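The structure appears below as structure tokens.
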Amino acid sequence: MAAPLILALDQGTTSTRAILFEADGAPLAEAGRPLRQHYPRDGWVEHDAEEIFEASVAVLREAVERAGRDLGEVRAIGITNQRETAVIWDRRTGKPIHRAIVWQDRRTEPLCQSLREAGREPRVTEVTGLLLDPYFSGTKFAWLLDNVAGARSAAEAGHLLAGTIDAWLVWKLTGGRLHATDATNASRTLLYDIGRGEWSAEMGEMLGVPIGMMPDVLDCNGDFGETEPGLLGRPIPIRGVAGDQQAALMGQGCIHPGEMKATYGTGCFMLVNTGETRAPSRSRLLTTVAARVDGRTTYALEGAIFIAGAAIQWLGEGLGVQGGPQAAEALAAGARPDHGVVLVPAFTGLGAPWWDAGARGAIFGLTRDAGLAEIAQAAFDASALQTRDLIEAMRADAPRAFAGEVEMRIDGGMSKSAWFSQRLADLTGIQVCRATYQETTALGAALFAGVGAGVYRDVAEAAASRPRTEGYRPQLADEPRELAYARWLDAVARVRSS
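Position 74 of the sequence shown, counting from 1, maps to 73 under numbering that gives the first Met the number 0, and the rest follow consecutively.
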């Protein structure tokens, strides 16, 4: 009998990809499609949900075809997704009522501000573990209901369904038979009570979002139905769903308290596993669901950096640095030592621990002999220094996680660079372990699905399939490290809106 295969669908911010894995975590084949970004106004970001579904079906088919394997060997599909992106669709037609509003979108800041001024944020944090910020999908659902003609009346009549991208894909892949999400995605909506493990009527009333629109909440290794036979050639069970950062946490094997990872993509997301105990944050981090497996919920502290790899992309699009990330890295590596240039890439505001939607980007420390090389290095350094912000906040909130030797496991596009990995260790002062196989988000989705399909006995056996890592220890002396961080904090203070 052939060894079981697991198919992972990784629906991200800039692309939709599928990877076919063997049970030992080895990738066999992959396929991808770029995802168009829509910017109707300053600070608004949208995706076409229909395009996402069509691309998802295409890449799932293509990955299996490229592997040259029989569909009968695919035991299950695991889905991972951009978590806070919100979509509402009509259950009668299967059509979205509007483009999906992307997690980066800032249009709902006025609603968040009004709720903050009304003193609602402490209660929101108590129930959901989150803060009142446009980042999360609950206010996006409210905006759609209030701004799309006829949407609110249709919702009240029970005609509309709402969810994050995973719920949309599950509904479409199963032919509309299942409206479901998992606990990690639910915990990013501002509508989910993470302590009780259920949708919160109180939060729904506060935001003006009917809870009846929301999907059923299942385990990360739950039964999400099976694909329509005509989509992929035969029905395939969907047995795993997790938001992208929680999937990466699983893919990095961070299943025990104190283990942490950071993923460097468009933004950067850092999570530390806190086990079955919620760790309330005094540093404006997020308390979120790390996973729910077989009814057992584990939690994490999370910090979100809005702009990481996007700052490197900006070097090309905004400053004309040609040759892509590799050229930008080579330019940065040749910067003049101790140049003092600081870039704060607050293009869409600042994330944790600042949570300042009104902040905007700036460059400080320019001198006559500063040029593109110094600005390029400052763009890379901004990711490392923002990570230092998160580490300091996590150290304050979960000191036991930092009691011994600290190791941060990293993945994502920027971590492919050995130079950046070393720079990250130097500017944060902790050991960095880079995954040799970078697609840990897709791998995590596959591992959850493998647990759900019985390929693995439990999470521990699944996590044993994680990739090898390469370690980087800090080489920079304390004095220049602390000077760089002091310059960063001064620059952040200058760009903040309040």
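We put the beta carbon where it would ideally sit given N, CA and C, even for glycine. These numbers were taken from a predicted model, which means no experiment stands behind them.
To the nearest angstrom, how far is the alpha carbon of residue i from that of residue j?
{"i": "ALA441", "j": "THR366", "result": "44 Å"}
{"i": "GLU301", "j": "TRP354", "result": "13 Å"}
{"i": "ARG60", "j": "GLY364", "result": "51 Å"}
{"i": "SER282", "j": "MET393", "result": "8 Å"}
{"i": "VAL405", "j": "GLN430", "result": "7 Å"}
{"i": "ASP458", "j": "ALA400", "result": "Position check: residue 458 holds Val in this sequence, whereas Asp was assumed. The straight-line gap from Cα to Cα measures roughly 21 Å."}
{"i": "TRP88", "j": "THR226", "result": "19 Å"}
{"i": "ALA424", "j": "SER152", "result": "53 Å"}
{"i": "ALA156", "j": "ALA150", "result": "10 Å"}
{"i": "GLY411", "j": "GLN437", "result": "6 Å"}
{"i": "ASN80", "j": "ASP9", "result": "6 Å"}
{"i": "ASN184", "j": "ARG82", "result": "6 Å"}
{"i": "THR297", "j": "ARG115", "result": "28 Å"}
{"i": "ALA434", "j": "GLU204", "result": "43 Å"}
{"i": "ILE51", "j": "ALA445", "result": "19 Å"}
{"i": "ASP477", "j": "GLY274", "result": "32 Å"}
{"i": "THR427", "j": "GLY174", "result": "47 Å"}
{"i": "ALA485", "j": "PRO228", "result": "58 Å"}
{"i": "TRP102", "j": "GLY350", "result": "12 Å"}
{"i": "SER186", "j": "ARG335", "result": "44 Å"}
{"i": "THR13", "j": "ILE164", "result": "13 Å"}
{"i": "GLU108", "j": "TYR134", "result": "9 Å"}
{"i": "ASP489", "j": "GLN244", "result": "30 Å"}
{"i": "PRO466", "j": "GLY71", "result": "26 Å"}
{"i": "ARG359", "j": "ALA492", "result": "11 Å"}
{"i": "VAL340", "j": "ALA369", "result": "8 Å"}
{"i": "HIS338", "j": "PHE268", "result": "28 Å"}
Strictly by DSSP, which residues pair up with residue i?
{"i": "MET259", "result": "VAL271, MET407"}
{"i": "ILE237", "result": "ILE76"}
{"i": "ALA361", "result": "VAL343"}
{"i": "PHE223", "result": "In DSSP, PHE223 forms no bridge with anything."}
{"i": "TYR298", "result": "GLY274, VAL288"}
{"i": "CYS253", "result": "BP columns for CYS253 are empty, so no partner."}
{"i": "TRP198", "result": "TYR191"}
{"i": "HIS178", "result": "HIS178 pairs with nothing; no bridge assigned."}
{"i": "ASP355", "result": "LEU349"}
{"i": "GLY162", "result": "VAL86"}
{"i": "ASP215", "result": "ALA179"}
{"i": "PRO95", "result": "TRP88"}
{"i": "LEU4", "result": "GLU21, VAL73"}
{"i": "GLY242", "result": "ASN80"}
Below 9 Å between beta carbons: does that hold for residue i and residue j?
{"i": "VAL58", "j": "GLY31", "result": "yes"}
{"i": "GLY323", "j": "GLY315", "result": "yes"}
{"i": "LEU160", "j": "GLY224", "result": "no"}
{"i": "ALA54", "j": "ARG98", "result": "no"}
{"i": "LEU342", "j": "ALA310", "result": "yes"}
{"i": "TRP170", "j": "HIS178", "result": "yes"}
{"i": "GLU45", "j": "ILE100", "result": "yes"}
{"i": "GLY137", "j": "THR188", "result": "yes"}
{"i": "VAL292", "j": "ASP192", "result": "no"}
{"i": "ALA356", "j": "ASP132", "result": "yes"}
{"i": "ALA381", "j": "ILE306", "result": "yes"}
{"i": "ALA154", "j": "MET202", "result": "no"}
{"i": "ALA141", "j": "LEU206", "result": "yes"}
{"i": "MET407", "j": "LYS260", "result": "yes"}
{"i": "PHE447", "j": "VAL240", "result": "yes"}
Can you tell me whether residue i is helix, strand or coil according to DSSP?
{"i": "VAL101", "result": "coil"}
{"i": "LEU114", "result": "helix"}
{"i": "PHE52", "result": "helix"}
{"i": "LEU131", "result": "coil"}
{"i": "PHE140", "result": "helix"}
{"i": "ASP425", "result": "helix"}
{"i": "LEU430", "result": "In the sequence under discussion, the amino acid at residue 430 is Gln, which differs from the Leu named in the question. DSSP places GLN430 in strand when its eight states are reduced to three."}
{"i": "VAL126", "result": "helix"}
{"i": "GLY453", "result": "coil"}
{"i": "ILE390", "result": "helix"}
{"i": "ILE304", "result": "strand"}
{"i": "GLY315", "result": "helix"}
{"i": "GLY323", "result": "helix"}
{"i": "GLN437", "result": "coil"}
Return no unless some Cβ of chain C is closer than 9 Å to the Cβ of residue i.
{"i": "GLN36", "result": "Judged by its chain identifiers, the structure shown contains no chain C, having just a single protein chain."}
- [ ] With a floor of 3 residues, list each beta strand (DSSP E) that falls wholly inside the region 457-482, ordered by position along the chain.
- [x] 468-471
Open item on the list: Report the start-end ranges of each beta strand (DSSP E) in the region 6-70 that is 3 residues or longer and not cut off at the edges.
Closed with: 14-21, 26-33
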